Amino acid sequence: MTKNVTSKELMGGDDDLPLYAPQKKIYPQRVSGSFRRIKWGLMALCLGVYYLLPLVRWNRGLGAPDQAVLIDFQSQRFYFFFIELWPQEFYYFTGLLILAAFTLFLMNALGGRIWCGYLCPQTVWTDLFYVVERWTEGDRRARIKADAGPLTAARLARRALKQAIWLIIAWWTGGAWVLYFSDAPTLVKDLATFQAPAIAYVWIGILTASTYLLAGHAREQVCLYMCPWPRIQAALTDEWALNVTYKYDRGEPRCSVKKGRAQRALGETAGDCVDCNQCVAVCPTGIDIRNGAQLGCIQCGLCIDACDNVMKRIGRPTRLIGYDNDINVQRRTSGKTEAFKPVRSRTVVYAALIATVCAVMLHALLTRSLLDLNVLHDRNPVAVKLSAGAIRNGYTLRFLNKRGFDRVIAVDVDGPANAQIHIVGFDSVTPDRPMIVLARDATTELRVLVTAPFDDKSEKTAPVKFRITDIGLGEVASATDHFVTP
Amino acid sequence: MSQHNDTDHISGRSTTGHEWDGIEELNTPLPRWWVLTFYATIIWAFGYWVVYPAWPLVSGYTAGVLHTTNRAAVTANLAQLEALRGEKMKALGTASLAEIENDPALLALARARGKTVFGDNCAPCHGSGAAGAKGYPNLNDDDWLWGGTLDQIMQTIQFGARSGHAKAHEGQMLAFGKDGVLKSDEIVAVANYVRSLSGLSTRKGYDAAKGEKIFADNCVACHGDRGKGNQELGAANLTDKIWLYGSDEATLIETISNGRAGVMPAWEGRLDPSTIKAMAVYVHALGGGK
Chain A
1 MTKNVTSKEL
11 MGGDDDLPLY
21 APQKKIYPQR
31 VSGSFRRIKW
41 GLMALCLGVY
51 YLLPLVRWNR
61 GLGAPDQAVL
71 IDFQSQRFYF
81 FFIELWPQEF
91 YYFTGLLILA
101 AFTLFLMNAL
111 GGRIWCGYLC
121 PQTVWTDLFY
131 VVERWTEGDR
141 RARIKADAGP
151 LTAARLARRA
161 LKQAIWLIIA
171 WWTGGAWVLY
181 FSDAPTLVKD
191 LATFQAPAIA
201 YVWIGILTAS
211 TYLLAGHARE
221 QVCLYMCPWP
231 RIQAALTDEW
241 ALNVTYKYDR
251 GEPRCSVKKG
261 RAQRALGETA
271 GDCVDCNQCV
281 AVCPTGIDIR
291 NGAQLGCIQC
301 GLCIDACDNV
311 MKRIGRPTRL
321 IGYDNDINVQ
331 RRTSGKTEAF
341 KPVRSRTVVY
351 AALIATVCAV
361 MLHALLTRSL
371 LDLNVLHDRN
381 PVAVKLSAGA
391 IRNGYTLRFL
401 NKRGFDRVIA
411 VDVDGPANAQ
421 IHIVGFDSVT
431 PDRPMIVLAR
441 DATTELRVLV
451 TAPFDDKSEK
461 TAPVKFRITD
471 IGLGEVASAT
481 DHFVTP
Chain B
487 MSQHNDTDHI
497 SGRSTTGHEW
507 DGIEELNTPL
517 PRWWVLTFYA
527 TIIWAFGYWV
537 VYPAWPLVSG
547 YTAGVLHTTN
557 RAAVTANLAQ
567 LEALRGEKMK
577 ALGTASLAEI
587 ENDPALLALA
597 RARGKTVFGD
607 NCAPCHGSGA
617 AGAKGYPNLN
627 DDDWLWGGTL
637 DQIMQTIQFG
647 ARSGHAKAHE
657 GQMLAFGKDG
667 VLKSDEIVAV
677 ANYVRSLSGL
687 STRKGYDAAK
697 GEKIFADNCV
707 ACHGDRGKGN
717 QELGAANLTD
727 KIWLYGSDEA
737 TLIETISNGR
747 AGVMPAWEGR
757 LDPSTIKAMA
767 VYVHALGGGK
């Protein structure tokens with residue numbers, strides 16, 4: 001009989017393995033130190049800005065919203081302190097995105113993925129949720145022990161409490177989100193009395209669910225599997241960029257405190273790393289930084305604090321793990337002094353680009369016109385022949401009055417010789433220089449007809465320039481198009 | 487039938503028993519979730535038959551317990567839309583034409599409403615931009631057969647021209663040739679005379695005096711003694727640069743010989759009064775309105 005060969009053996013023996021590795025539960029341990037303090041500060045700042053910003057008031061005068069930051073979809077306005085943007089000025093957001101990209105580049109060139117470790121919302125909220133977890137279920141050891149043990153009533157109660165607080169934070173996060181889109185105090189009152197629009201509740205629900213799931217349950221999985229930025233940011237870094245680094249030239253070979261002391265007493269080399277695994281225990285993404293720079297590292301610096309605490313206790317210099325660059329490892333091993341180079345062509349270029357974009361945006365913002373005119377030529381028909389032989393072209397003019405008061409403007413046209421202008425619906429105004437009233441903070445769209453005498457010698461097309469002048473303030477805006485003959 | 491071994495001795499898995507040229511097919515069942523989904527769709531289909539209209543019968547169909555019909559859904563949606571529009575359109579119903587045109591908000595509403603309704607009802611003849619075509623007036627220009635004031639435009643839309651409606655505009659261009667009133671040489675003469683009225687070139691050696699006399703005898707009753715037209719009768723102004731059917735000699739000869747009587751349908755009853763009002767304002771605002 002032939003020997004039975006199983007399919008497992010035929011295919012290399014592991015075709016029954018699942019496609020994905022199961023999530024390894026991470027129990028980050030509490031740590032204290034300078035980087036933790038920076039993180040606490042930034043967390044307070046980020047959360048404070050997010051939760052409180054919609055409540056800040058800003059006086060814009062009568063009839064205008066008095067909320068400092070407001071995205072007003074209904075009247076299509078965006079308010080940011082002294083800035084008011086119209087949909088036509090959406091390019092400012094493009095500028096902001098470009099600015100954000102360059103800032104990210106600069107941060108990367110200087111300090112690696114410090115965005116990930118300190119400012120990313122995922123990090124900030126996950127950190128906050130860990131605080132709750134430690135408060136309800138205890139620190140690393142207690143949680144590991146409890147998870148391994150049986151599910152007692154006390155354990156269940158602690159878990160329930162944790163979930164409840166998580167949900168409250170998540171709900172508060174969603175609640176703060178909708179406040180950016182409507183007058184905050186009014187909306188809070190409406191939400192409380194169930195008078196708010198359904199969309200507000202829907203968004204609170206969405207944000208509550210996503211915050212709870214991402215910060216409470218997905219945690220480091222977001223950074224490891226969902227987020228594209230680790231891949232992008234890894235491509236942006238260079239050998240001078242500071243990264244959280246285990247200085248293996250100082251730490252290896254690892255040995256116990258006692259053995260290390262003995263070795264050093266004999267004048268032999270001994271690594272500073274005592275293999276206490278504290279850096280791994282505190283890591284929120286569960287990596288071992290001693291394996292070198294890796295995708296899972298969000299550069300939060302907590303392992304630095306953990307290691308420093310140990311180094312202090314065993315009387316060795318701190319910063320065995322620290323912000324360091326690739327160059328320094330080579331320099332130290334070859335006996336040279338450490339070198340840091342924050343000013344180099346890459347960072348200078350990024351900084352210059354950031355400054356340029358800022359300057360351009362600021363200039364655009366400060367010289368932003370408060371009276372604007374857009375023109376659209378009739379397409380069907382492009383030109384009309386009148387009974388006396390003259391030619392008339394129709395245009396749709398859109399007037400933008402960005403000031404907070406009504407204003408009277410005169411409309412002039414520079415076009416073909418002897419051109420006459422008529423604004424549909426404004427028969428009673430002076431025919432040679434039509435004047436119209438523009439409502440405050442609004443666009444006005446009017447149909448404008450330009451008539452010009454025509455004979456065989458006339459040009460087929462002629463440029464037309466519409467010019468509007470604020471009678472009171474003297475502000476001028478213009479738009480050009482063409483006058484066409486059939 | 488060939489005998490088959492139910493188990494494949496290499497992989498140790500069962501086979502389907504099908505064999506071709508010594509190759510047997512392993513029994514690889516579909517994933518359970520796939521099969522369950524398949525059964526679920528079958529169950530779903532049964533539910534669908536019961537709930538929704540499904541089976542065609544000899545004279546009808548099974549209505550389903552929900553009695554759903556697409557027609558009813560569309561009708562309901564349209565009614566809902568009309569109700570929604572009705573709120574705004576009410577303002578158009580009560581305001582006079584002049585009031586609408588002098589109120590920017592009402593004017594914008596009337597133009598918006600007029601534009602869509604024009605596209606649905608008027609564009610087939612007058613073109614989507616109301617530029618007209620041969621026999622169908624251009625509504626953008628300032629030449630009007632039946633008058634270009636707001637009220638006149640509204641009346642033309644409401645009752646039409648030669649539409650059969652009791653209040654419709656009546657009057658037509660007679661067929662002078664076909665009816666034997668004028669002979670062909672007379673028609674050529676008067677056609678050239680008409681061209682001369684608006685400054686167009688005339689045929690060499692045509693009898694201007696004869697043309698003028700024929701015009702005076704036959705045409706002035708409707709077109710006026712200087713060919714200026716008459717909006718009461720829808721008689722065209724023959725002295726301007728705008729020609730509904732064309733100004734070349736051949737076209738004029740045809741017009742005089744066979745007559746013209748284009749029809750504008752009456753829209754009363756087909757469009758509601760405030761929509762007709764909006765339409766009048768829209769057409770007036772196209773630019774040609776007087």
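Sequence lines, in order, name chains A and B.
Read in order, the letters of the first sequence are residues 1 to 486 in the numbering used here.
Read in order, the letters of the second sequence are residues 487 to 776 in the numbering used here.
Don't be surprised by glycine CBs; every beta carbon is placed ideally from N, CA and C.
These numbers were taken from a predicted model, which means no experiment stands behind them.
On a Cα-Cα basis, can you pick out the residue from B:A647, B:L516, B:G697 and B:N626 that is closest to B:E754? Taking the second sequence and counting its residues from 1, the one referred to as residue 754 of chain B is at position 268. Minimum Cα distance to B:E754 is reached at B:A647.
Run through chain B and tell me which residues come within less than 7 Å of A:G389, C-beta to C-beta. For the purposes of this step, residue 389 of chain A is identified with residue 389 of the first sequence, where counting begins at 1. Under the 7 Å cutoff, chain B gives K727.
Please work out which residues of its chain come closer than 6 Å, Cβ to Cβ, to A:Q515, disregarding the five sequence neighbours upstream and downstream, and give them in chain order. Missing from the structure shown is residue 515 of chain A; chain A here goes from 1 to 486 and no further.
Shorter than 8 Å from the beta carbon of A:G13 to some beta carbon of chain B? Mapped onto the first sequence, residue 13 of chain A falls at position 13. Because the pLDDT of A:G13 is 45, which lies under 50, any placement of that residue in the model is unreliable, and the question is left without a value.
Short check: CB of B:L578 to CB of B:A558, under 8 Å? Your numbering for residue 578 of chain B matches position 92 in the second sequence. Your numbering for residue 558 of chain B matches position 72 in the second sequence. No, these two residues do not count as a Cβ contact at 8 Å.
Let me check one thing: in DSSP terms, what residues is B:I529 bridge-paired to? As a working note, residue 529 of chain B is residue 43 in the second sequence. None; B:I529 has no bridge partner.
Any chain B beta carbon closer than 8 Å to A:S7: Here residue 7 of chain A refers to the residue found at position 7 of the first sequence. Because the pLDDT at A:S7 is just 48, under 50, the model does not fix this residue reliably, and the value given afterwards should be weighed accordingly. Yes, A:S7 counts as interfacial toward chain B.
Does any residue of chain B bring its CB to less than 8 Å from the CB of A:K460? If you number the first sequence from 1, residue 460 of chain A lands on position 460. No, its Cβ sits nowhere closer than 8 Å to a Cβ of chain B.
Quick one: Cα of A:G315 to Cα of A:K247, how far? Numbered from 1 along the first sequence, position 315 holds the residue referred to as residue 315 of chain A. Numbered from 1 along the first sequence, position 247 holds the residue referred to as residue 247 of chain A. Rounded to whole angstroms, A:G315 to A:K247 spans 17 Å at the Cα level.
By alpha-carbon positions, which one of A:T451, A:V484 and A:D372 ends up nearest to A:R467? Working through the first sequence from its first residue, we reach residue 467 of chain A at position 467. Checking every option, the nearest Cα to that of A:R467 belongs to A:D372.
Pick helix, strand or coil for B:E754, following the three-state DSSP scheme. Sequence index remark: in the second sequence, residue 754 of chain B carries index 268 (1-based). DSSP places B:E754 in strand when its eight states are reduced to three.
Runs of 4 residues minimum, wholly inside the stretch 33-65 of chain A: which ones carry the alpha helix (DSSP H) assignment? 34-52
Opening and closing residue of the beta strand (DSSP E) in which B:H655 lies: On the second sequence, residue 655 of chain B is found 169 positions in, with the first residue counted as 1. Note, B:H655: premise wrong, no beta strand (DSSP E); not H, not E.
Consult DSSP for A:W203 and reduce its assignment to one of helix, strand or coil. The sequence position of residue 203 of chain A within the first sequence is 203, counting from 1. Helix at A:W203.
Is there at least one Cβ from chain A nearer than 8 Å to B:L593's Cβ? Your numbering for residue 593 of chain B matches position 107 in the second sequence. With 8 Å as the cut-off, B:L593 counts as an interface residue toward chain A.
Does the distance from the CB of A:C303 to the CB of A:I321 come in under 8 Å? Numbered from 1 along the first sequence, position 303 holds the residue referred to as residue 303 of chain A. Numbered from 1 along the first sequence, position 321 holds the residue referred to as residue 321 of chain A. Yes, Cβ-Cβ distance for A:C303 and A:I321 is below 8 Å.
Grab the span of the beta strand (DSSP E) containing B:G503 for me, first residue to last. One-based indexing of the second sequence puts residue 503 of chain B at position 17. Per DSSP, B:G503 belongs to the beta strand (DSSP E) from T501 to W506.
Can you list, in chain order, the stretches of the beta strand (DSSP E) that have 3 or more residues and sit fully within the stretch 76-155 of chain A? 77-80 and 83-85
Any idea what DSSP makes of A:P185, helix, strand or coil? As a first step, residue 185 of chain A must be located in the first sequence, where it is residue number 185. It is helical.
Opposing strand residues paired with B:E510 [DSSP bridges]: Residue numbering aside, residue 510 of chain B sits at position 24 when the second sequence is read from its first letter. Beta-bridge pairing links B:E510 to B:E505.
Select from A:G41, A:T318, A:A417 and A:I421 the residue whose C-alpha is nearest the C-alpha of A:K460. Numbered from its first residue, the first sequence carries residue 460 of chain A at position 460. That would be A:A417, whose Cα lies nearest to the Cα of A:K460.
Alpha carbon to alpha carbon, how far is A:W203 from A:A192? Residue mapping note: residue 203 of chain A aligns to position 203 of the first sequence, counting from 1. Residue mapping note: residue 192 of chain A aligns to position 192 of the first sequence, counting from 1. C-alpha separation (whole angstroms): 15 Å.
Which residues does DSSP pair with A:Q222 in a beta bridge? Residue mapping note: residue 222 of chain A aligns to position 222 of the first sequence, counting from 1. Residue identity check: residue 222 of chain A is Val in the sequence provided, not Gln. Per DSSP, none; premise fails for A:V222.
Can you tell me where the alpha helix (DSSP H) holding A:S345 begins and where it ends? Within the first sequence, residue 345 of chain A is the residue found at index 345, counting from 1. Residues S345 to L366.
Suppose you measure from the CA of A:F93 to the CA of A:W177; what does that come to, to the nearest Å? Counted from its first residue, the first sequence places residue 93 of chain A at position 93. Counted from its first residue, the first sequence places residue 177 of chain A at position 177. A:F93 and A:W177 have their alpha carbons spaced roughly 19 Å apart.
Determine the extent of the alpha helix (DSSP H) in which B:L567 is found, giving its start and end residues. Counting from one through the second sequence, the residue named residue 567 of chain B turns up at place 81. B:L567 -> alpha helix (DSSP H) spans N556 to T580.
Reference A:L224; option with closest CA among A:G286, A:R398 and A:L97: Against the first sequence, residue 224 of chain A aligns to sequence position 224. Of the listed residues, the one whose Cα sits closest to A:L224 is A:G286.
Measuring CA to CA, which of A:D456, A:A170, A:T136 and A:R379 is closest to A:T126? Position 126 of the first sequence, counted from the start, is the residue given in the question as residue 126 of chain A. Ranking A:D456, A:A170, A:T136 and A:R379 by Cα distance to A:T126 puts A:A170 first.
From what residue to what residue does the alpha helix (DSSP H) around B:V674 run? In the second sequence, residue 674 of chain B corresponds to position 188, counting from 1. B:V674 -> alpha helix (DSSP H) spans S670 to L683.
Taking all protein chains shown into account, decide if A:Y350 is buried (16 or more other Cβ within 10 angstroms of its Cβ) or exposed. Locating residue 350 of chain A in the first sequence gives position 350, counting from the first residue. Here A:Y350 is buried. Its C-beta has 16 or more other C-beta atoms within 10 Å.
Using a threshold of 8 Å, state whether the C-beta atoms of A:T443 and A:F399 are closer than that. The residue you call residue 443 of chain A lines up with position 443 of the first sequence. The residue you call residue 399 of chain A lines up with position 399 of the first sequence. In contact: A:T443 and A:F399 (Cβ atoms closer than 8 Å).
Bridge partner(s) assigned by DSSP for B:G600: Translated into the one-based positions of the second sequence, residue 600 of chain B becomes position 114. For B:G600, which the question treats as bridged, DSSP gives no partner whatsoever.
Within the same chain, show all residues whose beta-carbon is closer than 8 Å to that of A:V424, passing over the 5 residues directly before and after it, in chain order. Numbered from 1 along the first sequence, position 424 holds the residue referred to as residue 424 of chain A. L446, R447, V448 and L449.
For the stretch 21-35 of chain A against the stretch 134-149 of chain A, do three or more pairs of beta-carbon atoms, one drawn from each stretch, fall closer than 8 Å, so that the two count as touching? yes
According to DSSP, residues forming a beta bridge with A:R398: Indexing the first sequence from 1 puts residue 398 of chain A at position 398. According to DSSP, which records beta bridges pairwise, A:R398 is partnered with A:N374 and A:E445.
Nearest CA to the CA of A:S478: which residue from A:L236, A:L353, A:I409 and A:E268? Sequence index remark: in the first sequence, residue 478 of chain A carries index 478 (1-based). When each option's Cα is compared against that of A:S478, the closest is A:I409.
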